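Peer 1: Residue numbers (the numbering used here), protein chains in the order written: chain A, 1 to 593; chain B, 594 to 1186.
2 protein chains.
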Amino acid sequence: MQTNQKIALLRSEMASAGIDAFIVSNADPHHNEYVADRWCCREWLSGMKGSAGTVLVTADWCGLWTDSRYYEIALDALEGSEIELIRASDIGVPTIDSWIKSNLKTSQTIGFNGADTDLKQARDWIKKFDQANLKTRSDLDLIDIIWKDRPAAPKGELFIVDDSYAGQTIESKISTVRQEMKSAGVEAYLLGRTDESCWLLNFRGTDITAAPTPYCFTLVTQDNVNFYIDAAKLTPQAKSKFEAAGVTIKDYNAVKTELEQLNASTRILISPNHISYQLAEAVKHCMQIESRLIVTDLKAVKNETEVKHLKQALIEDAAAIVKFYTWLYTSLRNGDPVTELSASHKLEACRAEFEGYRHVSFDSIMGYGPDGALNHYCVDEESDKPVLLENIFLIDSGGNFTHGTTDTTRTIPMGTPTQQQKEDYTVVLHSMLDLLLLEFAEDTTGAQLDGICRQALWRHGRNFKHGTGHGVGFGLEVHEGPQNISGTSTEKMKLGMISTIEPGCYRSGEHGIRIENMVHTVISRENEFGKFFKFENLTFCPINTDLIEPSILPKNQIEWLNNYHQEIINKLSPYLNKEEQAWLTHECRPINQ
Amino acid sequence: MQTNQKIALLRSEMASAGIDAFIVSNADPHHNEYVADRWCCREWLSGMKGSAGTVLVTADWCGLWTDSRYYEIALDALEGSEIELIRASDIGVPTIDSWIKSNLKTSQTIGFNGADTDLKQARDWIKKFDQANLKTRSDLDLIDIIWKDRPAAPKGELFIVDDSYAGQTIESKISTVRQEMKSAGVEAYLLGRTDESCWLLNFRGTDITAAPTPYCFTLVTQDNVNFYIDAAKLTPQAKSKFEAAGVTIKDYNAVKTELEQLNASTRILISPNHISYQLAEAVKHCMQIESRLIVTDLKAVKNETEVKHLKQALIEDAAAIVKFYTWLYTSLRNGDPVTELSASHKLEACRAEFEGYRHVSFDSIMGYGPDGALNHYCVDEESDKPVLLENIFLIDSGGNFTHGTTDTTRTIPMGTPTQQQKEDYTVVLHSMLDLLLLEFAEDTTGAQLDGICRQALWRHGRNFKHGTGHGVGFGLEVHEGPQNISGTSTEKMKLGMISTIEPGCYRSGEHGIRIENMVHTVISRENEFGKFFKFENLTFCPINTDLIEPSILPKNQIEWLNNYHQEIINKLSPYLNKEEQAWLTHECRPINQ
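(1) Beta carbons nearer than 8 Å to chain A: which residues of the segment 1019-1037 of chain B have them?
(2) So if DSSP puts residue 728 of chain B in a beta bridge, which residue, or which two residues, is it bridged to?
(3) Hey, which unbroken runs of the beta strand (DSSP E) at 3 residues or more fall wholly within the segment 720-789 of chain B?
(4) Does chain A have any CB closer than 8 Å to the CB of residue 880 of chain B?
(5) Could you check the C-alpha separation between residue 774 of chain B and residue 671 of chain B for me, to the nearest Å?
(6) Using the Cα positions of residue 1007 of chain B and residue 921 of chain B, report the straight-line distance between them to the nearest angstrom.
(7) Going by the CB atoms, is the gap between residue 399 of chain A and residue 511 of chain A shorter than 8 Å?
(8) At which residues does the alpha helix (DSSP H) containing residue 14 of chain A begin and terminate?
(9) Taking buried to mean at least 16 other C-beta atoms within 10 Å of its own C-beta, is residue 237 of chain A buried or exposed?
(10) What's the gap between the Cα of residue 425 of chain A and the Cα of residue 80 of chain A?
(11) Secondary structure at residue 535 of chain A, three-state DSSP: helix, strand or coil?
(12) Could you name each continuous beta strand (DSSP E) segment of 3 residues or more that falls completely within the segment 22-103 of chain A, going from the start of the chain to the end?
(13) Output the distance between the C-alpha atoms of residue 771 of chain B and residue 1066 of chain B, rounded to the nearest integer angstrom.
(14) Have a look at A:532, A:362 and A:185 and flag the residue whose alpha-carbon is nearest the alpha-carbon of residue 437 of chain A.
(15) Short check: CB of residue 43 of chain A to CB of residue 26 of chain A, under 8 Å?
(16) Could you check what DSSP says for residue 459 of chain A in three-state terms: helix, strand or coil?
(17) Listing by chain order, which chain B residues have their CB less than 9 Å from the CB of residue 525 of chain A?
(18) Based on the DSSP secondary-structure assignment, which residues constitute the bridge partners of residue 819 of chain B?
(19) Below 8 Å between beta carbons: does that hold for residue 1088 of chain B and residue 1115 of chain B?
(20) For the pair the segment 267-280 of chain A and the segment 301-313 of chain A, tell me if three or more CB-CB distances fall below 8 Å.
(21) Can you name the start and end residues of the beta strand (DSSP E) that residue 990 of chain B belongs to?
(22) So with CB distances below 8 Å, who are the chain B contacts of residue 449 of chain A?
(23) So the candidates are B:643, B:981, B:729 and B:840; which of them puts its Cα closest to the Cα of residue 814 of chain B?
(24) Could you tell me if residue 271 of chain A is buried or exposed, where buried requires 16 or more neighbouring beta carbons within 10 angstroms of its beta carbon?
(25) Going by the CB atoms, is the gap between residue 161 of chain A and residue 204 of chain A shorter than 8 Å?
(26) Using the three-state DSSP reduction, which class does residue 324 of chain A fall into: helix, strand or coil?
(27) Say whether the segment 743-750 of chain B touches the segment 791-806 of chain B, bearing in mind that this needs 3 or more beta-carbon pairs closer than 8 Å, one atom from each stretch.
(28) List the residues that DSSP assigns as beta-bridge partners of residue 301 of chain A.
(29) Looking at the unbroken beta strand (DSSP E) that takes in residue 511 of chain A, where does it start and where does it end?
(30) At a Cβ threshold of 8 Å, is residue 488 of chain A touching chain B?
(31) For residue 826 of chain B, which three-state DSSP category applies?
(32) Give a yes or no on whether the minimum CB-CB distance between residue 724 of chain B and chain A is below 8 Å.
(33) Please return the same chain residues whose Cβ sits closer than 8 Å to the Cβ of residue 1053 of chain B, not counting the five positions on each side in sequence.
(34) Rounded to the nearest angstrom, what separates residue 911 of chain B and residue 1132 of chain B at their Cα positions?
(35) Since residue 89 of chain A and residue 68 of chain A are thought to touch, with beta carbons under 8 Å apart, how far apart are those beta carbons, to the nearest angstrom?
(36) Give a yes or no on whether the C-beta atoms belonging to residue 395 of chain A and residue 366 of chain A are separated by under 8 Å.
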């Protein structure tokens, strides 16, 4: 079916339901980063892929709001359709609600699906539309009516994470959560984010490629733990493990009704960002306590067992990358053609050689030359381009292992780098090491760390438009909160957190540079001024030195780099063959200032 | 009357009104930093002075919540009274609302004065008490009933700021505000903060010592500007200037009634932090648009005229400090006794020599030796101590001039400094200059800048517990938003903003060090990565070099300091006599690494 046909069908349903404007996005009931096909409603309606985009349809107009990362992709997707592209990153462009307020008439009705919209967004729309004397309906899933071949919810089997990897039993975790609930004064706590359930009940899923968290909810009270999941996903082993821990298995779709049946005096924890509007309405009769998500805070602080396993995962990850690099240069020097896509497949194959590897932790960014400057470049058969022995090559990739989630970015020269490439690269490395080698006070926020990382780039008149780093889950999502190293994050860096540091420098149409290591927050010292923390480096993957302009790099960073490379040779060599070892030794040769 | 007698009277009024717990704080209807005596209800009731403290009285208990800055002061004030000190900064100590929820019974009633409580605080209390099935009343001013000799509202005469200082006429400012109101989609805008009215209508007041903003409100619509003020404060000149600009003078107390009479369809701008609960209730029938305060954003960006005048004010301010220092050292070397208080008076007298000086911009912090380590030390006759030729002396002071508000901190040695003092001092200076000399990207937040400033201190195992800097008003409040350089401020630094940079290092019982300059955000460069900003230094007051340990300071900072001191000699000498010039020349001698 063509986009315009779908729009026409939607309009017909809107007319029947008395809806004057309908909002369609790609969102699932859990506010997950990766969404199963079933919930990709905007993508189905408009044909536009990507993580950001919202379609608005009225009786005589329709538009798709997206940010500058996706302008090109959206333009291609919308060609031939009546959907207009609204460039949401541009100055002066109205937001979707401003557009609605300016273009709809008093008493007209706006519809959206409250089952897939988080409470915070829904509240904001309802309030704004109400102020403009517009009506709102959130109980309609009009896309479901017209999407005849809509995919079913996925049924991927889940698997148990052994206590020897998790470092804490399900029983112990439940007990910790119940204690935190008491401190927060709440009696019921719905784990709405799927990774919360995975952490609490020590399992992972296979519903969505590159996302280890299956569709499920958990409701914890002092007496019960109800786990809402499609029973088809449970192996007998998983079932008995859950039952032994006192967990009751319930049907995924029962959650709404069971929430509605909670006693009205129940004090239930609500996080407006992480509960759908529909489920928030289901507990409207209870005493809602708006608070931080308990499990989000607990799982961000990794235990010793998790850190031990992650360290091993990162060594294997780096060995895989070295194997890949050896193959890449050898192939190209032998005249064998390599493309971004074939390189991506090879890199995954190198990771898959290691036991415990499950899948990529996110779609690899294989940015050769100008493609490296596209921040969210995702190679596919259409965008695929040859890799040559000329420009520089940015590779941002990671693996989801049973023993940890990895995320590594390196930028390598494929030919002789230009002076500008060397300067860009060296300033990025300088920034990365400024943060990696920092000592900082307890209670330091993500924004403070972000500023420190950018300092060297700013001094050289450069900057990058993405965040500096993010938390990483243990065998869970590669982007995990609450910490976030960005200019507006007031979250504090806590001991035991695992984060990335990944500054970059991008020149549109020319090249992109990013260097990313993962780090573990550890104690540095304690004195009369309080506690001080530092980062323990976890990534041991060579940082190319042909791209370094030594005069820009501080002396202590050059020393650090030479020691780092010696350590890498020691750690990775056992996993490599002779050819790979030779490549690594050359790549890790010391440099002088 | 003794505190316990006042508490007894309050309990009697509480009983008559059916109130089980009553909350008393020092707050006025504008949420001002400096509060006139009339609104110092907590201070009157408990005897405890200071900017932070809240009393809770129940039928059989009363407590005063305050933070660690005020523990000692509160203990002294509460001695002999039944009020218990609640150490709010300590871990595990309940907040006032948690205490209430734990100690009151269902259906009991909590009272507070909604006229002096901001909407955000009131909403939070009402919501929390409601969740605990407690009732709330906000319409009672019980203190007013029992405080028989309560001071009247001040009647300080206001004065006009000439356009040649303001740099923009009242008419032009009103027109700018109306344009911003259109963009924000609001039809009415109550200027609830008193400094908003001062800026808009180019006047200052004399209601409160060290605070240039008198009690008043302004209500702006597209048709009218109503200025609510006690008419006794208006000179004929001021009256005619306002009338010529189309401003209607109304009685201060009429604001509530007039807000109640606004048309229900009026879209009124509300900022929950800056409107009292009572006035928010008065416009409850209108369409409330919660948004940023328009004038707060406008006045933070200083115009060229303001900056030009402020630069002159800061030169005069520095000359006054040099005169003071010359007097201080001469007096002590002559054997004349000097105390913190007498020094404070002398410093003010030195500033008052300059035309346009009105009053201190805040109570001077004169911290000799251990007193310098008390972050909010305020010298008075009780705390006064002699200044000797031994320890180091932290002086944080400023003046409110017609042509600008100043804020300068310097730390000077009175004898031979210890190595630790030199190291502390040098690291603080390093931190201050790291930020002052920074180049940073547009959209950089206060938290990013804060992190950069602390970096050198952290590296040396030191830290300080206050913010790094704040905005400064033009002849207005010395602490002015929206920008704030602190670990949790996500406000962006804009071109034209005036801020302080004031890192410190404090050793309890020993000494305190702080060095503070004022800076102006200006453009540095623009390229394909965007705009870059830097700080223009505005403070030209010598930075003592006897306290510097040169091996800690980067070479470029030593060079900067030597140039800075040469510039200071050039700028300040014309204002100084021979003796002062000689002192300055010695103080500004170059140093080597």
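All C-beta atoms in this analysis are idealised placements derived from N, C-alpha and C, irrespective of residue type, glycine included. Since the structure is predicted, the reported quantities are computational estimates derived from the model, not experimental observations.
Peer 2: Let's see:
(1) Cβ contacts with chain A: 1031, 1032, 1033, 1034, 1036 and 1037.
(2) In the second sequence, residue 728 of chain B corresponds to position 135, counting from 1. In DSSP, residue 728 of chain B forms a bridge with B:702.
(3) The qualifying runs are 728-730 and 781-784.
(4) The residue given as residue 880 of chain B occupies position 287 in the second sequence. For residue 880 of chain B, the answer is yes, since a Cβ of chain A falls inside 8 Å of its Cβ.
(5) Within the second sequence, the letter at position 181 stands for residue 774 of chain B. Within the second sequence, the letter at position 78 stands for residue 671 of chain B. Here the C-alpha atom of residue 774 of chain B lies approximately 48 Å from the C-alpha atom of residue 671 of chain B.
(6) If you number the second sequence from 1, residue 1007 of chain B lands on position 414. If you number the second sequence from 1, residue 921 of chain B lands on position 328. Straight-line Cα distance between these residues: approximately 10 Å.
(7) What you label residue 511 of chain A is simply residue 511 of the first sequence in a count that begins at 1. What you label residue 399 of chain A is simply residue 399 of the first sequence in a count that begins at 1. No; because the gap between Cβ atoms is not below 8 Å, this pair is not in contact.
(8) Walking along the first sequence from the start, residue 14 of chain A turns up at place 14. Start and end: 3-17.
(9) Along the first sequence, read from residue 1 onward, the residue named residue 237 of chain A stands at position 237. Looking at its Cβ environment, which holds fewer than 16 other Cβ atoms inside 10 Å, residue 237 of chain A is exposed.
(10) Counting from one through the first sequence, the residue named residue 425 of chain A turns up at place 425. Counting from one through the first sequence, the residue named residue 80 of chain A turns up at place 80. For residue 425 of chain A and residue 80 of chain A, the distance between alpha carbons rounds to 41 Å.
(11) By 1-based counting over the first sequence, the position of residue 535 of chain A is 535. Three-state DSSP puts residue 535 of chain A in a strand.
(12) The qualifying runs are 54-58, 62-66 and 84-87.
(13) By one-based count along the second sequence, residue 771 of chain B stands at place 178. By one-based count along the second sequence, residue 1066 of chain B stands at place 473. Take the alpha-carbon of residue 771 of chain B and the one of residue 1066 of chain B: they are about 22 Å apart.
(14) In the first sequence, counting from the first residue as 1, residue 437 of chain A sits at position 437. Closest by C-alpha distance to residue 437 of chain A, out of A:532, A:362 and A:185, is A:532.
(15) Against the first sequence, residue 43 of chain A aligns to sequence position 43. Against the first sequence, residue 26 of chain A aligns to sequence position 26. Yes. Within cutoff.
(16) Counting from 1 along the first sequence, the entry for residue 459 of chain A is found at position 459. Assignment of residue 459 of chain A by DSSP, reduced to helix, strand and coil, places it in the helix class.
(17) The sequence position of residue 525 of chain A within the first sequence is 525, counting from 1. The contacting residues are 1054.
(18) What you label residue 819 of chain B is simply residue 226 of the second sequence in a count that begins at 1. The beta-bridge partner set that DSSP reports for residue 819 of chain B consists of B:812 and B:841.
(19) The residue labelled residue 1088 of chain B in the question sits at position 495 within the second sequence. The residue labelled residue 1115 of chain B in the question sits at position 522 within the second sequence. A Cβ-Cβ contact shorter than 8 Å links residue 1088 of chain B with residue 1115 of chain B.
(20) Not touching, per the Cβ criterion.
(21) Reading the second sequence from its first residue, position 397 is the one you call residue 990 of chain B. Boundaries of the beta strand (DSSP E) around residue 990 of chain B: 985-990.
(22) Counting from one through the first sequence, the residue named residue 449 of chain A turns up at place 449. In chain order: 1044.
(23) Walking along the second sequence from the start, residue 814 of chain B turns up at place 221. Taking only the C-alpha atoms, the option nearest residue 814 of chain B is B:840.
(24) Translated into the one-based positions of the first sequence, residue 271 of chain A becomes position 271. Residue 271 of chain A should be labelled buried.
(25) Position 204 of the first sequence, counted from the first residue, corresponds to residue 204 of chain A. Position 161 of the first sequence, counted from the first residue, corresponds to residue 161 of chain A. Yes, the pair counts as a contact, with Cβ atoms nearer than the cut-off.
(26) Counting from one through the first sequence, the residue named residue 324 of chain A turns up at place 324. It is helical.
(27) By the Cβ rule, the segment 743-750 of chain B counts as touching the segment 791-806 of chain B, because three or more pairs are nearer than 8 Å.
(28) As a working note, residue 301 of chain A is residue 301 in the first sequence. Checking the DSSP bridge columns, you'll see residue 301 of chain A partnered with A:497.
(29) The residue labelled residue 511 of chain A in the question sits at position 511 within the first sequence. 511-514 is the extent of the beta strand (DSSP E) around residue 511 of chain A.
(30) Counted from its first residue, the first sequence places residue 488 of chain A at position 488. Between residue 488 of chain A and chain B, the shortest Cβ-Cβ separation is below 8 Å.
(31) Within the second sequence, residue 826 of chain B is the residue found at index 233, counting from 1. Assignment of residue 826 of chain B by DSSP, reduced to helix, strand and coil, places it in the helix class.
(32) By 1-based counting over the second sequence, the position of residue 724 of chain B is 131. Interface residue, yes.
(33) Locating residue 1053 of chain B in the second sequence gives position 460, where the first residue counts as 1. Cβ contact annotation for residue 1053 of chain B (same chain, cutoff 8 Å, sequence separation greater than five): 1016, 1020 and 1145, in chain order.
(34) Along the second sequence, read from residue 1 onward, the residue named residue 911 of chain B stands at position 318. Along the second sequence, read from residue 1 onward, the residue named residue 1132 of chain B stands at position 539. Approximately 7 Å, taken between the alpha carbons.
(35) Residue 89 of chain A sits at position 89 when you count from the first residue of the first sequence. Residue 68 of chain A sits at position 68 when you count from the first residue of the first sequence. The beta-carbon separation of residue 89 of chain A and residue 68 of chain A, rounded to 4 Å, stays under the 8 Å limit for a contact.
(36) Here residue 395 of chain A corresponds to residue number 395 of the first sequence, with the count starting at 1. Here residue 366 of chain A corresponds to residue number 366 of the first sequence, with the count starting at 1. Taking 8 Å as the cut-off, the Cβ atoms of residue 395 of chain A and residue 366 of chain A count as close.
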